[in-house]
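Here the sequence shown is numbered in numbering that gives the first Met the number 0, starting from 0 and rising by one per residue. Below is one structure, written out as structure tokens, with a few remarks after it.
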Amino acid sequence: MNMIVKSVEKKSRGPWMKSGVRQPPGRAFMDDMTISTKTVIEARWTLQELDKMITWARMRVKPSKSRSLVVKNGKVKEERFKIGDEIIPTVSEKPVKCLGKWFNNTLSDKLNVEDTYKQLDDWLKAVDKSGLPGKYKAWIYQHGILPRLLWPLLVYDVPMTTVEGMERISNSYLRRWLGVPRSFSSVGLYSLGTKLQLPLKSITEEFKVTKVRQHLTLKNSRDEKVRSAKVEIRTGRKWSTKKTIEDAESRLKHSEIVGRVAVGRQGLDVTPTAKWRTATVEEKRHLVQKEVRSMEEESRMVKAVSMKKQGSWLNWEGARQQKLGWNEIWKMEPHRLQFKLKSVYDVLPSPTNLATWGLIDDPKCVLCGKPANLEHILSSCSSALKDGRYTWRHDKVLGTLADTLERNIRKPRKNKEGLTFVNFVKEGEKGQKKKVEGSGLLVTATDWQMLVDLKQKLQFPPQIAVTNQRPDIVIWSASTKQAILLELTVPWEERIEDAYERKRLKYQDLLAECRDNGWRGWLFPVEVGSRGFVGQSMWRALRALGIVGGERSKLIGNLCKRAETASMWLWRKRSEQWKQ
């Protein structure tokens, strides 16, 4: 094919492009060939030479599958070309599709963009009518519709307003499939910084990253003619690919000057990143794409800050983020998934929300008569507290935690004199590698005993200290004289840190008395939010006890599920009297 392509170059040198680069007269991809000439007569000469070389190579051209197009002064002219005795159809007669892109006599992508828009709507309607559960429809959108949509968005000149319109249509279907109201923000669907992260991807973000990748590929191409052609990628007046790349590169250079900083609870220099100055061309391409995604995430976070209700998760300082993968979503019942999403972003039909929406006049609680928002129903109702509803939820979570601790205590293990510490070595020296069977407090003794404040009133072990206080869980070892106290709270997520400080101060005197009696004591106030988000204190406490890895992740998931399902039951029974 290369020899055939080179043979036709002697008949024409190809037209000039707007950038001042001469376009090659012949280009080939697999078994397809494109011929570009300055005049009609040159095109005829080139076709004659091509027919001659194709025949010599014992191959054959199919004119019925070929198309011709003649442009003069910006307008399409009707001219006929032949290969042998067969006429090549024009694009006016038969539009042609090449590499997923349709070519017609309009010389514009407007009709093709409109067809893509309509095709997306048809796909979504077909999935909506399939009769599958909503979560499966969302999965089909994520792994079937979105990848198929990105190719037309890549090859056509699509304005940003059209892409945003496509995302609005997709969002409406996704909200319906996930069972959330129309007021549910797109931040909850796509943001990676929320406390509840879904595996969905935004059409707008993927479109921007795709266009940026296309621009960088053309700019850094190994072919000098491609680089010098300066192909312009049109995306409308609202958003510019070139401007976005400039902003991303500027941010990367600035971050390199600032250096690595602490992000969230991570320490300095925890996450290594490639430097812009020393990065290769390929690394720079990936860095720019990653920075574009970061810019999109920042814009969503700015939107979340402006929302009082659906952005309240920004105040959950002590809660850990949950990442819902497709496996977790498939295992969740539809009503549980709906409650999870609606409760996190406070769009459940609580009396205060119904009053705000103009559906009722009285937003008071049926049980106590106070204004009943979601926080009041799940965490602050005095009547529900007296009825034991919150205690019932607390005991459900406590039972799950106690079962795991009981299994870990009963594990056969060798006795160790104390905790295992990290041995630091000087620069240039190598430390000795030691195989550690386990770490944490529970491996320091083999005679652990445990009491849990469930079903019956807990009495603190008198050999440790004499007190009326009742921690939720007491674990002690008589041989090593160690005592571990755990106090569980199931608060509103915004009050997790307040609950931690309150419980920590409550048991300081008891902890001091234990130490005065010759016991080594540890206090771990732990929290699981009423909507199923564990606090950072729970993660640290399990690590200190020696419950790490997959076992810790599994326990965290079980605690979240237990608190979430219990709160969902309280929500359903919010207007009913609790049976004693």
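C-beta: ideal position from N, C-alpha, C; glycine also.
If we call anything under 9 Å between Cβ atoms a contact, is residue 491 one with residue 319?
What you label residue 491 is simply residue 492 of the sequence shown in a count that begins at 1. What you label residue 319 is simply residue 320 of the sequence shown in a count that begins at 1. No, they are not a contact pair.
Given that a residue counts as buried once 16 or more other Cβ atoms are within 10 Å of its Cβ, and exposed if not, what is residue 261?
Along the sequence shown, read from residue 1 onward, the residue named residue 261 stands at position 262. Residue 261 should be labelled exposed.
May I ask you to list the residues that DSSP assigns as paired with residue 356?
Here residue 356 refers to the residue found at position 357 of the sequence shown. Partner(s): none; residue 356 has no beta bridge.
Between the Cα of residue 528 and those of 377, 439 and 541, spot the shortest distance and give me the residue it belongs to.
Here residue 528 corresponds to residue number 529 of the sequence shown, with the count starting at 1. The shortest C-alpha separation from residue 528 is found at 377.
Under 8 Å, with one C-beta from each stretch per pair, do the region 122-139 and the region 72-79 reach the 3-pair mark?
Not touching, per the Cβ criterion.
Measure how close the beta-carbons of residue 37 and residue 65 come, nearest whole angstrom, since I'm counting them as under 8 Å.
Here residue 37 corresponds to residue number 38 of the sequence shown, with the count starting at 1. Here residue 65 corresponds to residue number 66 of the sequence shown, with the count starting at 1. So it is not a contact: roughly 20 Å between Cβ atoms.
Measure from the alpha carbon of residue 201 to the alpha carbon of each residue in 163, 550, 388 and 564, then state which is nearest.
Taking the first residue of the sequence shown as position 1, residue 201 is located at position 202. Nearest of 163, 550, 388 and 564 to residue 201, Cα basis: 163.
For the alpha helix (DSSP H) holding residue 146, just list the boundary residues, first then last.
In the sequence shown, residue 146 corresponds to position 147, counting from 1. First-last of the alpha helix (DSSP H) with residue 146: 145-154.
Provide the residue span of the alpha helix (DSSP H) that contains residue 486, from first to last.
Within the sequence shown, numbered from 1, the residue matching residue 486 stands at position 487. From DSSP, residue 486 is part of no alpha helix (DSSP H) but of the beta strand (DSSP E) over 481-488.
Could you tell me the boundaries of the alpha helix (DSSP H) in which residue 391 lies?
Residue numbering aside, residue 391 sits at position 392 when the sequence shown is read from its first letter. Segment 388-408, the alpha helix (DSSP H) holding residue 391.
By the DSSP assignment, the alpha helix (DSSP H) with residue 377 in it spans what residues?
Mapped onto the sequence shown, residue 377 falls at position 378. Note, residue 377: premise wrong, no alpha helix (DSSP H); not H, not E.
What separation, rounded to the nearest whole angstrom, lies between the Cα atoms of residue 287 and residue 358?
Working through the sequence shown from its first residue, we reach residue 287 at position 288. Working through the sequence shown from its first residue, we reach residue 358 at position 359. The straight-line gap from Cα to Cα measures roughly 48 Å.
Tell me the rounded alpha-carbon separation between residue 182 and residue 24.
For this step, residue 182 is matched to residue 183 along the sequence shown. For this step, residue 24 is matched to residue 25 along the sequence shown. When rounded, the distance between both Cα atoms is 55 Å.
By how many angstroms is the C-alpha of residue 534 removed from the C-alpha of residue 551?
For the purposes of this step, residue 551 is identified with residue 552 of the sequence shown, where counting begins at 1. For the purposes of this step, residue 534 is identified with residue 535 of the sequence shown, where counting begins at 1. Between residue 551 and residue 534, the C-alpha separation is close to 13 Å.
Going residue by residue through the region 192-254, where are the continuous alpha helix (DSSP H) segments of at least 4 residues, counting only ones entirely within it?
If we require 4 residues or more, the alpha helix (DSSP H) runs fully inside the region 192-254 come out as 202-218 and 223-228.
Within its chain, find whatever has a CB closer than 6 Å to the CB of residue 170; leave out the 5 residues flanking it on each side and keep chain order.
Against the sequence shown, residue 170 aligns to sequence position 171. Taken in chain order, the residues that qualify are 185.
Who are the near neighbours of residue 440 in its chain, counting only those whose CB is closer than 8 Å to its CB and skipping five residues on each side?
As a first step, residue 440 must be located in the sequence shown, where it is residue number 441. So the qualifying residues of the chain are 418, 481, 483, 521, 543, 544 and 545.
Under the three-state reduction of DSSP, which class applies to residue 76: helix, strand or coil?
Taking the sequence shown and counting its residues from 1, one reaches residue 76 at position 77. Three-state result, residue 76: strand.
Would you check if the distance between the CB atom of residue 20 and the CB atom of residue 227 is smaller than 9 Å?
Working through the sequence shown from its first residue, we reach residue 20 at position 21. Working through the sequence shown from its first residue, we reach residue 227 at position 228. Yes, Cβ-Cβ distance for residue 20 and residue 227 is below 9 Å.
Measure the C-alpha to C-alpha separation of residue 233 and residue 240 and round it to an integer number of angstroms.
If you number the sequence shown from 1, residue 233 lands on position 234. If you number the sequence shown from 1, residue 240 lands on position 241. Distance between the alpha carbons of residue 233 and residue 240 is about 8 Å.
Look up residue 534 in the DSSP assignment and say whether it is helix, strand or coil.
Along the sequence shown, read from residue 1 onward, the residue named residue 534 stands at position 535. Strand, per DSSP.
For residue 485 and residue 444, which I take to be in contact (beta-carbon distance under 8 Å), what is that distance rounded to the nearest angstrom?
To locate residue 485, count along the sequence shown from 1; it is residue 486. To locate residue 444, count along the sequence shown from 1; it is residue 445. About 16 Å separates the two Cβ atoms, so there is no contact after all.
Please look up how many angstroms separate the CB atoms of residue 211 and residue 291, rounded, as I've assumed it's under 8 Å.
Residue mapping note: residue 211 aligns to position 212 of the sequence shown, counting from 1. Residue mapping note: residue 291 aligns to position 292 of the sequence shown, counting from 1. So it is a contact: roughly 5 Å between Cβ atoms.
By how many angstroms is the C-alpha of residue 346 removed from the C-alpha of residue 31?
For the purposes of this step, residue 31 is taken as residue 32 along the sequence shown, with counting starting at 1. For the purposes of this step, residue 346 is taken as residue 347 along the sequence shown, with counting starting at 1. Residue 31 and residue 346: Cα-Cα distance of roughly 55 Å.
Should residue 450 and residue 465 be called a contact, given that it needs their Cβ atoms to be closer than 9 Å?
For the purposes of this step, residue 450 is identified with residue 451 of the sequence shown, where counting begins at 1. For the purposes of this step, residue 465 is identified with residue 466 of the sequence shown, where counting begins at 1. No, the Cβ-Cβ distance between residue 450 and residue 465 is not below 9 Å.
In the region 443-469, which residue ranges form an unbroken beta strand (DSSP E) of at least 3 residues, counting only runs that do not cross its ends?
DSSP runs (the beta strand (DSSP E)) wholly in the region 443-469: 447-451.
In this structure, does DSSP put residue 33 in helix, strand or coil?
Walking along the sequence shown from the start, residue 33 turns up at place 34. Residue 33: strand per DSSP, three-state reduction.
Check whether the Cβ atoms of residue 148 and residue 165 lie closer than 9 Å to each other.
The count along the sequence shown starts at 1 and reaches residue 148 at position 149. The count along the sequence shown starts at 1 and reaches residue 165 at position 166. Yes, the pair counts as a contact, with Cβ atoms nearer than the cut-off.
Judging by CA-CA distance, which residue of 497, 365, 423 and 504 is the nearest neighbour of residue 572?
Your numbering for residue 572 matches position 573 in the sequence shown. Per the Cα distances, 365.
Just the Cα atoms here: how many angstroms apart are residue 223 and residue 215?
Within the sequence shown, numbered from 1, the residue matching residue 223 stands at position 224. Within the sequence shown, numbered from 1, the residue matching residue 215 stands at position 216. Going by the C-alpha atoms only, they are around 14 Å apart.
So for residue 436, helix, strand or coil by DSSP?
Within the sequence shown, residue 436 is the residue found at index 437, counting from 1. Per-residue confidence for residue 436 stands at a pLDDT of 43, beneath the threshold of 50, marking its modelled position as unreliable; no derived number is given.
Please list, in chain order, all residues of the same chain as residue 34 whose beta carbon is under 6 Å from its beta carbon, the five residues on each side excluded.
Numbered from 1 along the sequence shown, position 35 holds the residue referred to as residue 34. So the list reads 25 and 45, once near-sequence residues are dropped.
For residue 286, report the span of its alpha helix (DSSP H) as first-last.
Position 287 of the sequence shown, counting from 1, holds the residue named residue 286. Counting along the chain, the alpha helix (DSSP H) containing residue 286 begins and ends at 280-304.
Compare the C-alpha of residue 505 against each of 515, 516, 487 and 518 and name the closest.
The residue you call residue 505 lines up with position 506 of the sequence shown. Per the Cα distances, 487.
I'd like to know whether the C-beta atoms of residue 192 and residue 300 end up nearer to each other than 9 Å.
The residue labelled residue 192 in the question sits at position 193 within the sequence shown. The residue labelled residue 300 in the question sits at position 301 within the sequence shown. Yes.
Excluding five sequence neighbours on each side, which residues of the same chain lie with their C-beta closer than 7 Å to the C-beta of residue 108?
Counting from one through the sequence shown, the residue named residue 108 turns up at place 109. Taken in chain order, the residues that qualify are 155 and 156.
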